[in-house]
Amino acid sequence: MKSIFSRAFFTVVLSAFVLTACDKDEARDTEGATLLSSNETVLRYIPADTPYVFASVEPLPDDLMDKMEPKLGRLMQSYQTILREAVAAKSREMPNEEEAEKVEAFIDELAGLISIDGLREAGIGREATGAIYGHGLLPVIRLEQVDGALLDAAIGRLEEQAGHKLPVASIEGGGYRYIESEEGRLIIAVFSDQLVITLAPGGFGDDQISQLLGLTLPESSIADAGVLDTVASEYGFTPHYAGFVDVEALASAFLDAPTGLNADLMALAQHDATTLSDVCKAEIRAMAGAVPKLVMGYTEISTDRLDSTVVLELRDDLAGGLRTLSSAIPGLGEDRGGLMSFGFGLDVRAAREFLESRVEAMEAEPFQCEHFADLQKAAEGARAGLQQPLPPMAYDFKGMLAVVNDIEGLEVATQTPPTSIDGSFLLAMDNAPALVSMGAMFSPEIGALGLEPDGVPVALDLMQLEAMGITAHAALTESALAIAIGGASESDIEAMLSASVPEESPFLSFSMDAGRYYTFIGEAIAAGPQQGEDGPSPEMQAALQEVMNGVGDLYDRMSVDVLFTSKGVEFRTSVTLQD
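Below you can see the structure in the form of structure tokens.
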């Protein structure tokens, strides 16, 4: 029962953090400092040298939450059903009926928290802010602007239904509940307006736990050092959500003489960095320096959309090399509407040259550390692969873009195939007419189409298409071959060939109608196997479908662009919201 309680409680806390870090849009800072460099926020508890942090120091705007909350409530209702069904299935297998009733009573209490009203009654409302961060290597989850009395009462109700009260430890400045295990303690501390969850090794005393809980503040906070504010300013992140993982700092924690709580942690773990050779240490540092940091955050928030960016920072030579790989493809990175689109731009010659340069670098300075022996061997395999020539036409290839405007007649539940598909496809390459000429050598029908590199759409009068009642057109230019099917195929081709080339060429781009996509997924769940070893119960199946429908009701469109920039690899995501 203890393990059930701990896992369930942890789930509630994480859900609360994700769903309630949101409210007023006015800044709560002083003296003109930005929220991301203010010690008036949760940042005062985070050490300046933290190796990772994900913080929300400003709640989402009220008008956005007014729009989202009813739909989030619907989603959370479905999650309640999923939780209850999952536990009911397990409790039916319990030999002890009384124990099964206790479990179900506990889950009923827990499920009540998985709702907008339930969270507010537990003291976690829109105004909550918080962070997940490392105090050294140890993880800490901290929520601020909560009602400690209500939250403490909610935990007490869970304990009552579980028939088990968590042990409580006292510490100067407060007390905390905890769950003991061989690895240490999962600590749950509720203060007047804060909730703190953290992990502490079994050998930690009050001094170390006081630091984890924030009863003892760090000598220098991340707000004092302005670390997160600098990251946010560089990438345009908002204070609603910003964070990073410092790969070099994580590596240093294991390679150098530990300090702070890491010193106590490493001593308990009997980790001795001196057992690692200087050669291995240097090469591990070099590996970490190649990918020094992962950063992420919101870049735009409104009642209509949420934009975010994730950046995998790379060493300058790696970032510069990758930037040569992307090819400019007309329309790539543009959300063209419709059901979905997918495409990428790749300069094959540049990709081969980049790979050759990396292999040459590893040959010139091979890894000496025994832990990288397999990686060095992989470089030898890559060299062998590079010695195999590619067909000359492969170097002409630049990328592709596929767009599905609509699919009609598709019924996943009855496995009915679509009656029609409207879409278009563009193949970008140098000397595209040569590809058509090659195709004509193998198929006289292609030659009979009379495609010329003038961009004029030509009807595809092919027997196979006519037999299926499909209208299709094709057009050719010196740098692209485009094909479209459907009633608007001619105009679709013209639009595809005339599309502009983006200022920043994505390496990969994807967009979709999120509402329809999640409806399809829900229908697929409903059509899947039921009750038994291969499938969930009908109630669980219905709840899972309702979750997918709820997500589709929340999101309108989604798009993701992957770009190679001077910083590294950027993942830019945009989500528009349903009305």
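Note that the numbering used here has the sequence shown beginning at 1, numbered continuously upward.
Built from N, CA and C at the ideal position, the CB exists for glycine as well.
Is residue i buried or exposed, if buried means 16 or more other CB atoms sit within 10 Å of its CB?
i      : result
Ala21  : Interpretation of Ala21 is limited by its pLDDT of 41, a score under 50 that renders its predicted location unreliable; the figure taken from the coordinates is listed afterwards. The residue in question, Ala21, is buried, as its Cβ has 16 or more Cβ neighbours within 10 Å.
Leu215 : buried
Arg92  : exposed
Phe5   : Confidence at Phe5 is low in this model, with a pLDDT of 38, below 50, so its placement is unreliable and the value that follows should be read with caution. Looking at its Cβ environment, which holds 16 or more other Cβ atoms inside 10 Å, Phe5 is buried.
Pro95  : exposed
Ser192 : exposed
Pro529 : exposed
Asp256 : exposed
Pro415 : In the sequence as presented, Pro is not what sits at residue 415; that position holds Gln. Its Cβ having fewer than 16 others within 10 Å, Gln415 is exposed.
Ser220 : exposed
Asp147 : buried
Ala149 : exposed
Thr274 : exposed
Gly522 : buried
Ala448 : exposed
Pro258 : buried
Gly32  : Only weak support exists for where Gly32 lies, its pLDDT of 33 falling under 50; the coordinates are left without a value.
Gln270 : exposed
Glu546 : buried
Glu85  : buried
Asp49  : buried
Arg572 : buried
Met540 : buried
Met65  : buried
Met68  : buried
Assuming residue i contacts residue j under a Cβ cut-off of 8 Å, what Cβ separation, rounded to an integer in Å, is found between them?
i      : j      : result
Glu109 : Gln161 : 4 Å
Leu268 : Gly203 : 5 Å
Leu325 : Ala351 : 5 Å
Gly409 : Ser424 : Not quite, the Cβ-Cβ distance comes to about 19 Å (not below 8 Å), so this is no contact.
Met512 : Met558 : 6 Å
Gly585 : Val42  : Because residue 585 is not part of the residues shown, which for the chain are 1 to 579, the question remains open.
Gly345 : Ala328 : 6 Å
Leu151 : Ile124 : 7 Å
Ile222 : Pro47  : 7 Å
Phe520 : Phe564 : Their Cβ separation, rounded to whole angstroms, is 32 Å, which puts Phe520 and Phe564 out of contact at 8 Å.
Are the beta-carbon atoms belonging to residue i and residue j less than 8 Å from one another?
i      : j      : result
Val279 : Gln368 : yes
Glu570 : Thr230 : no
Leu212 : Thr198 : yes
Asp304 : Leu577 : yes
Val551 : Leu75  : yes
Lys90  : Gly163 : no
Ile407 : Leu460 : no
Tyr52  : Asp246 : yes
Ser115 : Gln77  : yes
Lys567 : Ala242 : no
Leu355 : Ala382 : yes
Pro59  : Glu127 : yes
Leu186 : Ala154 : no
His240 : Ser56  : yes
Arg142 : Val190 : no
Ala580 : Ile284 : Lying before the first or after the last residue shown, residue 580 is absent from the chain, which here runs from 1 to 579.
Ser509 : Asp561 : yes
Val87  : Glu104 : yes
Gln422 : Gly487 : Correcting the residue identity first, residue 422 is Asp in this sequence and not Gln. Their beta carbons are under 8 Å apart, which means Asp422 touches Gly487 by this criterion.
Ala482 : Leu462 : no
Ser37  : Gly226 : yes
Leu476 : Glu452 : yes
Ala472 : Ala484 : yes
Asp307 : Ser574 : yes
Glu248 : Gly289 : yes
Exercise. For the region 393-406 and the region 415-435, state whether three or more C-beta atom pairs, one from each stretch, are separated by less than 8 Å.
Key: yes
Quiz item: Per the contact definition of three or more C-beta pairs closer than 8 Å, is the region 306-314 in contact with the region 367-381?
Solution: no
Quiz prompt | Inter-stretch contact at 8 Å, needing at least 3 Cβ pairs: the region 133-151 / the region 257-264 | solution = yes
Quiz item: Unbroken beta strand (DSSP E) runs of length 3 or more, entirely within the region 242-295: which are they?
Solution: 242-246
Quiz item: Whole alpha helix (DSSP H) runs in the region 188-246 with 4 or more residues, listed along the chain?
Solution: 206-213, 222-225 and 227-235
Practice problem: Mind listing, in chain order, the continuous alpha helix (DSSP H) runs of no fewer than 4 residues lying wholly within the region 394-453? | Solution: 432-442 and 444-448
Practice problem: Kindly confirm or deny that the region 439-450 and the region 374-393 touch, where touching means at least three C-beta pairs closer than 8 Å. | Solution: no
Exercise. State whether the region 482-500 contacts the region 521-528, with contact taken as three or more CB pairs (one from each stretch) at a distance under 8 Å.
Key: no
Quiz item: Do the region 78-86 and the region 165-181 touch if we need at least three Cβ pairs shorter than 8 Å?
Solution: no
Quiz item: For the region 382-393 against the region 286-301, are there 3 or more C-beta pairs whose distance is under 8 Å?
Solution: no
Quiz item: What residue ranges within the region 307-373 form continuous beta strand (DSSP E) runs of no fewer than 3 residues, ordered along the chain?
Solution: 340-345
Practice problem: Please specify which runs of the alpha helix (DSSP H), each continuous and at least 4 residues long, are wholly inside the region 456-509, giving them in chain order. | Solution: 463-467 and 489-498
Quiz item: For the region 449-458 against the region 473-491, are there 3 or more C-beta pairs whose distance is under 8 Å?
Solution: yes
Quiz prompt | In chain order, each beta strand (DSSP E) run of at least 3 residues that lies wholly inside the region 522-575 | solution = 555-564
Quiz item: Mind pulling the alpha helix (DSSP H) runs of 4 or more residues that sit fully within the region 106-192?
Solution: 116-121 and 148-162
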